[in-house]
Ligand code: DGY
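Residue numbers (the working numbering): 1346 to 1654.
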């Protein structure tokens, strides 16, 4: 799609993101950038991109981009909302089930040749059916996660900075303040963007409010949870388990304390990773970029105030 419309340079190593200095270098002469969440498009990059008019992120989250700096320079910032909602909600549920029923740990156990016999006490987990689910952030993905809970006869609580009563009714979720959600939920699933307000929203204090049988799921952004506090809580048995697709530092370093714990399921940020969804995201990101370069309003614009027709 892009090559039909523009002259395109592609970073040649798909699994090694460009270092910051390479990003600065690459943006100097270009009018548009299609970037991934691993690319930091900060003030320095934006200042270097003298001809830059459009930044199109191939992700719904855009905490990797300094939107305020882009807006000041009149640069359009675009993202890919909607197309990954169901796929990411599926993944949050996969993590929830895996952590509750110790799926990854059991798999490691069988592969290690440790399975001797059926045993009444082997790999005991937590029930999901009929339990209480707490959703933090009832945006598109949070709602999709909440809807799935109906099939498990769950009570659904949610906390968000904005209350939308019609959404509450349609997904069957009850608004509560965060401490209440943490105290009453058996499963807590995070679906907020990473902002200055949500950074470390879940820290040591919040974790102590949770039940010792509770499971924490994070498929949003790692920075929403204080990773050190989480590792400590899991080690001390303050909560039962965690299912994590995102981390404060990605890729997760091989010596990260979370990796020493059996009660954590770790995934390499694959929330939206289905063939169909990643294809839709790529097309959407390319479509946004092309529209912006042509002077049209990109369909998914984060800073609409910049666009003047
Ligand atoms: C996003 O889109 O923000 C996800 O984290 C990757 O799909």
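Even for Gly, the Cβ is constructed at its ideal location relative to N, Cα and C.
Quick one: what does DSSP say residue i is sitting in, helix, strand or coil?
{"i": "residue 1619", "result": "coil"}
{"i": "residue 1334", "result": "For the chain, the structure presents residues 1346 to 1654; residue 1334 sits outside this window and is missing."}
{"i": "residue 1477", "result": "strand"}
{"i": "residue 1496", "result": "helix"}
{"i": "residue 1391", "result": "helix"}
{"i": "residue 1646", "result": "strand"}
{"i": "residue 1572", "result": "helix"}
{"i": "residue 1512", "result": "helix"}
{"i": "residue 1377", "result": "strand"}
{"i": "residue 1490", "result": "helix"}
{"i": "residue 1550", "result": "helix"}
{"i": "residue 1405", "result": "coil"}
{"i": "residue 1361", "result": "coil"}
{"i": "residue 1428", "result": "coil"}
{"i": "residue 1355", "result": "coil"}
From which residue to which residue does the beta strand (DSSP E) around residue i run?
{"i": "residue 1310", "result": "What the structure shows of the chain is the stretch from 1346 to 1654, and residue 1310 is not part of that stretch, so it cannot be assessed."}
{"i": "residue 1587", "result": "1586-1589"}
{"i": "residue 1560", "result": "1560-1563"}
{"i": "residue 1610", "result": "1609-1611"}
{"i": "residue 1534", "result": "1532-1535"}
Within a Cβ cutoff of 6 Å, which residues of the same chain sit near residue i, ignoring the five residues on either side of it in sequence?
{"i": "residue 1548", "result": "1571, 1574"}
{"i": "residue 1479", "result": "1502, 1526, 1530, 1533"}
{"i": "residue 1500", "result": "1477"}
Which residues mark the beginning and the end of the alpha helix (DSSP H) in which residue i is found?
{"i": "residue 1448", "result": "1448-1456"}
{"i": "residue 1544", "result": "Element bounds for residue 1544: n/a, residue is neither H nor E."}
{"i": "residue 1382", "result": "It is not in any alpha helix (DSSP H) - residue 1382 carries neither H nor E in the DSSP assignment."}
{"i": "residue 1347", "result": "1347-1350"}
Tell me, which residues are paired with residue i by DSSP?
{"i": "residue 1653", "result": "Answer by DSSP bridge pairing: none, since residue 1653 is not bridged."}
{"i": "residue 1504", "result": "1481"}
{"i": "residue 1519", "result": "1502"}
{"i": "residue 1399", "result": "1377, 1421"}
| task | Kindly provide the chain-ordered list of residues whose Cβ lies closer than 5 Å to any non-hydrogen atom of the ligand DGY. | result | Selection output, chain order preserved: 1404, 1405, 1406, 1617.
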